[in-house]
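A short worksheet on the structure shown next.
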Amino acid sequence: MTEPKEGSGADRWRDNNLRRLNELKARGINPFPYKFERTHTSKQLQEKYKDLEANVETEDVVSVCGRILNERNSWMFVDLYDEDGKIQLFFHKESVPAEQLEILKSLVAKGDHIGVTGTIRRTKAGELSVRVKSFEILSVALLPLPLSWDGFTDVEARYRNRHVDLIINPEVKEKLQKRSIAIRALRNFLDERGFFEVETPVLQVEAGGADARPFVTHHNALDIDLFMRIATELHLKRLIIGGFEKVYEIGRIFRNEGISTRHNPEFTMMELYQAYGDYHQLMDFTEEMVRHVANAVCGTTKITYQGVEIDFGKAWRRVSMYEVIREVTGIEVEKIKDFDEAKKIAGELGIKLEYEATIGEVANTIFENKCESTLMQPTFLMDHPVEISPLTKVHRAKPGVVERFEVFIYGREHCNGYSELTDPLDQRGRLEDQARKREAGNEEAQPLDLDFIEAMEYGMPPTMGIGIGIDRLVMLLTDSASIRDIIAFPTMKPHARQ
RNA sequence: GCGCCCGUAGCUCAGUGGUAGAGCACUCGGCUUUUAACCGAUUGGUCGUGCGUUCGAAUCGCACCGGGCGCACCA
1 MTEPKEGSGA
11 DRWRDNNLRR
21 LNELKARGIN
31 PFPYKFERTH
41 TSKQLQEKYK
51 DLEANVETED
61 VVSVCGRILN
71 ERNSWMFVDL
81 YDEDGKIQLF
91 FHKESVPAEQ
101 LEILKSLVAK
111 GDHIGVTGTI
121 RRTKAGELSV
131 RVKSFEILSV
141 ALLPLPLSWD
151 GFTDVEARYR
161 NRHVDLIINP
171 EVKEKLQKRS
181 IAIRALRNFL
191 DERGFFEVET
201 PVLQVEAGGA
211 DARPFVTHHN
221 ALDIDLFMRI
231 ATELHLKRLI
241 IGGFEKVYEI
251 GRIFRNEGIS
261 TRHNPEFTMM
271 ELYQAYGDYH
281 QLMDFTEEMV
291 RHVANAVCGT
301 TKITYQGVEI
311 DFGKAWRRVS
321 MYEVIREVTG
331 IEVEKIKDFD
341 EAKKIAGELG
351 IKLEYEATIG
361 EVANTIFENK
371 CESTLMQPTF
381 LMDHPVEISP
391 LTKVHRAKPG
401 VVERFEVFIY
411 GREHCNGYSE
421 LTDPLDQRGR
431 LEDQARKREA
441 GNEEAQPLDL
451 DFIEAMEYGM
461 PPTMGIGIGI
471 DRLVMLLTDS
481 ASIRDIIAFP
491 TMKPHARQ
């Protein structure tokens, strides 16, 4: 938000509120006191008195507090909002001391926090209310809230002033609360199964574990550039090598790439690794885990996302990438002999390949362009080309592919899991291939992390591992079209202050 | 990075070449005292920024800033 301008409406508004503030101080009232003892939240009262009939008055004394967002009938009725909802306050001149009523009407405004004590009643109109006997100001607001009938809808203003957005638009808080519930459910699920939650470095000398461009930062004392992590994978595997058998990390990942409704430069990923398991076991585990989270957030495993019913409850389809390509395009990747033929086939589909690629890379491009968007229901897309999977064990039976899966829902990738590559010699060769691609100009190819390779040479047990994009999962569970709707403070370009 | 669209009062929006407007909010007043989302009055704007075109620009042109959506990249 821009600073209030000289003489502007906001400025005058603030002046009025400053006068209000000073008058309170002059009367010996602290406009910013230290605490308030409440007996109930609005939600607790609504629940406790849900059967109280209209026009019935009780002797029950309660104390509630919150922010005033609306007032009717010259402050006879006030809507008080707390974290869980709202409760109506009833200020009647026969109940509230005259001096307090005068303060309410002249020195309290919408946006202020107050605490009240009074008795419970339900009005003739059916609204549960507190008949106020006394109140105190808990905080005075200097700036106006956008309390218009038409709401507060300007997307930019909402993201830049999320605190205001939260006050005005209840669904914002609901979604962020659901995000918290989802992460808690995930933790509970893993903790109950004997996983340790661990923390690995955000600042790294080499940013590996994924194909993405990192953010660069600088350490002054060491005088070296460091990269912000793009994945937690390599360090978590080093913990497996070190003897942890079940670990996970829920952490912020940073990728220096485009911003869109599905991408924020910093986002949250959960990665878990379990020794002695393979990707088949991991798929069973993943289904169960996502169902657990969906139940915790939505109370069901059948949800609606952007008008499409998504059913986590049924067994998720498990299908290989090449099978999906065959279904959608009729192309049999296994029968492609060389790159020239692959290039020709891609060209017929309208896909241009700008660099010399392998057959596997072409197949992946075909999948991304033609097949990805068709996978609406939860699907394990399995057995990717080895060239695009440098950290994954080769398939035990099929040549040229690896034991990997990605979970697609609503045509979007949500998880990436595999039978982890544990052969250090194979791993060295794969990362050397990646390093060559980097030298050839592919900035997303993975770096050669020699510390990681050396760690593997101490011996790594068979391991299954998966990364889940928490933001995208929460988008699904809250039916959010944009990733910004489930991130409290999404990345924004700074707006020049005037 | 590319394309399309958007930026006018605190909020939501009209105004498309000729005196900057409305509703809500705010301030003041009235009426009412178990619903007022009422009535009246006042107040509030470098029309995102800059440079042009023009007798005259919120309006037309160019550039820039910020945003939305789509594409690309990617998760």
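According to our numbering, the stretch in the first sequence is residues 1 to 498, in order. For every residue, glycine included, the Cβ atom is placed at its ideal position computed from N, Cα and C.
The region 109–120 makes contact with the region 58–65, as at least three CB pairs between them are under 8 Å.
In this structure, the beta-carbon distance from A275 to T463 falls below 8 Å. One alpha carbon belongs to E327, the other to P144, and they sit about 58 Å apart. For H92, there is no enclosing alpha helix (DSSP H), as DSSP marks it with neither H nor E. Counting along the chain, the unbroken alpha helix (DSSP H) around N188 starts and ends at P170 to E192. Contact check between the region 381–392 and the region 401–408: three or more CB pairs, one atom from each, fall below 8 Å, which counts as touching.
At the C-beta level, I359 and T329 stay beyond 8 Å of one another.
Residue pairing by DSSP places I466 opposite L272 and G417 in a beta bridge. Shown here, F285 sits in a helix according to DSSP, grouped into three states. Taking all protein chains in view, the Cβ of V78 is crowded by 16 or more other Cβ atoms within 10 Å, so the residue is classified as buried. Burial of D485 is indicated by the presence of at least 16 other C-beta atoms within 10 angstroms of its C-beta.
Fewer than three pairs of CB atoms, one per stretch, sit closer than 8 Å, so the region 413–433 makes no contact with the region 308–315.
Counting every other CB atom within 10 Å of its CB across the protein chains shown gives E156 a total below 16, marking it as exposed.
DSSP places T261 in no alpha helix (DSSP H); its state is neither H nor E.
I224 is classed as exposed because its beta carbon has fewer than 16 other beta carbons within 10 Å across all chains shown. A481 and Y418 have their alpha carbons spaced roughly 29 Å apart.
Under the 8 Å Cβ criterion, the region 445–456 does not count as touching the region 258–275, having fewer than three qualifying pairs. Taking C-alpha positions only, N16 is separated from S260 by approximately 41 Å.
The beta carbon of V216 sits closer than 7 Å to those of D225 and F227, all from its chain and outside the five residues before and after it, given in chain order.
In the structure shown, the three-state DSSP call for D426 is helix.
Under the 10 Å beta carbon count, M321 is surrounded by 16 or more other beta carbons and is classified as buried. Under the DSSP definition of a beta bridge, M76 lacks any partner.
When only Cα atoms are considered, Y159 and L448 end up about 39 Å apart.
By the C-beta density criterion, P33 is exposed, having fewer than 16 other C-beta atoms within 10 angstroms. The beta carbon of F408 sits closer than 6 Å to the beta carbons of L375, T379 and L381 from its chain, once the five residues preceding and following it are set aside; these are given in chain order.
With contact defined as three or more Cβ pairs closer than 8 Å, the region 233–244 and the region 194–210 are in contact. Non-local C-beta neighbours of K105 in its own chain, meaning closer than 8 Å and more than five positions away in sequence, comprise S74 and W75, ordered along the chain. Within 10 angstroms of the beta-carbon of M283 lie 16 or more other beta-carbons, which makes it buried. Membership of D340 in the alpha helix (DSSP H) is indicated by the continuous run F339 to E348. Below 8 Å, enough C-beta pairs join the region 191–199 and the region 240–249 to call them touching: three or more.
In the DSSP assignment, G118 falls within the unbroken beta strand (DSSP E) covering H113 to R122.
Assigned with DSSP and collapsed to three states, N442 falls in coil, not helix or strand. For T217, the uninterrupted beta strand (DSSP E) segment begins and ends at V216 to H219.
Each of H280, N369 and F254 was checked against the Cα of M269, and the nearest Cα belongs to F254. For the pair K302 and E420, the CB atoms are not nearer than the 8 Å cut-off.
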